[in-house]
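What follows is a single structure, written as structure tokens, with notes after it.
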Amino acid sequence: MSTRNKPVKILLVSASLGAGHTQAAQAIKTALESNHLAAAEVVDFMAGGNSYLNTLVKESYLKMIDIFPDMYDLMYRLSQMPLPGSKVQNLMAITMKRSMLDLTLKHRPEAIICTHPFPCGAAAYLKRTRQITTPLIGVITDFSLHRLWCYSETDLYFVATAKLKQELTLQGINQARIHATGIPIDAKFQPAATDQAAIRQTLGFTNTHPVILIMGGGLGLGDLKQAVFAIDALPLPFNLVVVTGRNATLRRSLLAKAHELTHPVKVIGYSRHIPELMAAADLLITKPGALTISEALSMRLPMLFCQAIPGQEEENAAYLSQRGAALWVQNNHNLASTVYELMTEPERLHYMREMAGLLARPAAAQTIATTIWQKLFSSGAAVSR
């Protein structure tokens, strides 16, 4: 039990390059504040209010993955190489150091937690140049490691798997500072807390036909419309739920075409009811974003990956498919036939559900919060370097 009179001030720095980094930060914030010993705040490092330059980087990033994915893939691979990777690390850190210093001076946190490598690199640069001394924590929200995450100034790391811990150790990070906890997700992603039949009834579906859930991430990226129509052509009974995220144009387009579909369909924009929608589903078709994957694993929901962003999403897809919890369709023309195979092989779906349960880490956020407290703020706390 803490003897402090005031809660510990913790700053969680995310980046709105997709919704997952912010969702992870929010999950950690909730866990940190659950015992009233910490006061945590989540900020978007890429928001215009923090830096015009950061916002420009964000817009360029999103345009690149949408319009020039091959160029993004090339840049991702080059930045993984030892020498270019180091140069990219230094360039990004120096470019964004002012934004991080401003945030630190504004919030005066007692610890900084980063769920994206850009702010982590900027904070590490500030520590290296002795402009700040604040404990720095990196939470890697993917199932693969990129060199942009690797900084000796980071005091604690939290990673998805034991394999990632080993890879980070090979980059020269003291293994005592690395904790394989899983990726932090909202505590609502618990199968026992949901009633599948009731949720299906709320959606207007009968409980006799399976439900296929299609998601494009928080930003609604990818050609979801093409996928919906390809799957709808299958000669099988099922219900469709399509989540378009914040892509209002895509949602309007799908709603306008919904009357042409032969299967019952529910088109939903950005939603706070993803746990319920996953509970209602028998299969999830999605981009392989790590937060969506972690949520689906917790709900023991089999996954079918398509339209992976080159780089980390492709590596996420490879990791999960190798472990039996998902299938990766690398050619979109094979999407419908793969869905047909899965929906007509219930034993295969059952196996994928079992594998998902084995990989699930639903308590990751709470484990991260507890470890941070024990390592940094409890009596006699110390960080091994």
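Mature numbering (1 follows the signal peptide of the UniProt record, and there is no 0) puts the sequence shown at residues -24 to -1, 1 to 361. Glycine included, C-beta positions come from ideal geometry on N, C-alpha and C.
Per the coordinates, the alpha-carbon of Arg153 lies some 11 Å from the alpha-carbon of Ile348. Here the stretch 215 to 227 makes contact with the stretch 175 to 189; the two share three or more CB pairs at distances below 8 Å. The shortest CA-to-CA distance from Glu271 to any of Ala(-1), Ile108, Lys(-16) is the one to Ala(-1). Nearest C-alpha to His309 among Ile116, Asp199, Gln166: Asp199.
Scanning its chain for C-beta atoms nearer than 6 Å, with the 5 sequence neighbours on each side dropped, one finds around Thr91 the residues Ser(-11), His(-4), Ala(-1), Ala1, Val115, Thr117, in chain order.
Around Phe181, the same chain offers Val187, Asn215, Pro240 as residues with beta carbons nearer than 7 Å, after the five sequence neighbours per side are excluded. Assignment of Lys242 by DSSP, reduced to helix, strand and coil, places it in the strand class.
Taking the CA atoms as reference points, Gln306 sits about 27 Å from Trp125.
Sorting Pro(-18), Ala339, Ala(-6) by C-alpha distance to the C-alpha of Tyr246 places Ala(-6) at the top.
In the three-state reduction of the DSSP assignment, Cys126 falls in the coil class.
Scanning its chain for C-beta atoms nearer than 8 Å, with the 5 sequence neighbours on each side dropped, one finds around Glu291 the residues Asp118, Phe119, Ser120, in chain order. Counted as a single uninterrupted DSSP element, the beta strand (DSSP E) harbouring Asn215 occupies residues 215 to 219. Its chain contains Pro(-18), Val(-17), Ile(-15), Leu8 as the residues whose beta carbon lies nearer than 6 Å to that of Ala14, once the 5 sequence neighbours on both sides are disregarded; these appear in chain order. Cβ-Cβ distances below 6 Å link Phe134 to Val115, His155, Thr157, Ile344 in the same chain, with the five nearest sequence neighbours on each side left out; the list follows chain order. For the pair of segments examined, the stretch 275 to 282 was found not to touch the stretch 220 to 236: the number of CB pairs separated by less than 8 Å stays below three. Within the stretch 145 to 176, the runs of beta strand (DSSP E) at least 3 residues long that lie entirely inside it are, in chain order, 154 to 156. Setting aside the 5 residues that flank it on each side, Tyr101 is surrounded in the same chain by Ala69, Lys73, each with a C-beta closer than 6 Å to its C-beta; the list follows chain order. If you look at Val204, you'll find it in the alpha helix (DSSP H) that goes 200 to 208. Residue burial annotation: Ala209 is exposed, with fewer than 16 other C-beta atoms found within 10 angstroms of its C-beta. Of all alpha-carbon atoms in Arg276, Leu253, Lys103, Leu112, the one lying nearest the alpha-carbon of Ile244 is that of Leu253. Under the DSSP assignment, Ala16 falls in the beta strand (DSSP E) whose first and last residues are 14 to 20. Between Lys233 and Thr220, the alpha-carbon positions lie close to 14 Å from each other. Under the three-pair Cβ rule at 8 Å, the stretch 257 to 264 counts as touching the stretch 312 to 330. In this structure, the straight-line span from the alpha carbon of Gln298 to that of Tyr127 is close to 29 Å.
Close CB contacts of Glu86 within its chain, under the 6 Å cut and outside five residues either way in sequence, are with Val(-17), Lys(-16) (chain order).
A straight-line Cα-Cα distance of about 46 Å links Ala168 and Thr71. Under the three-state reduction of DSSP, Lys(-16) is assigned to strand.
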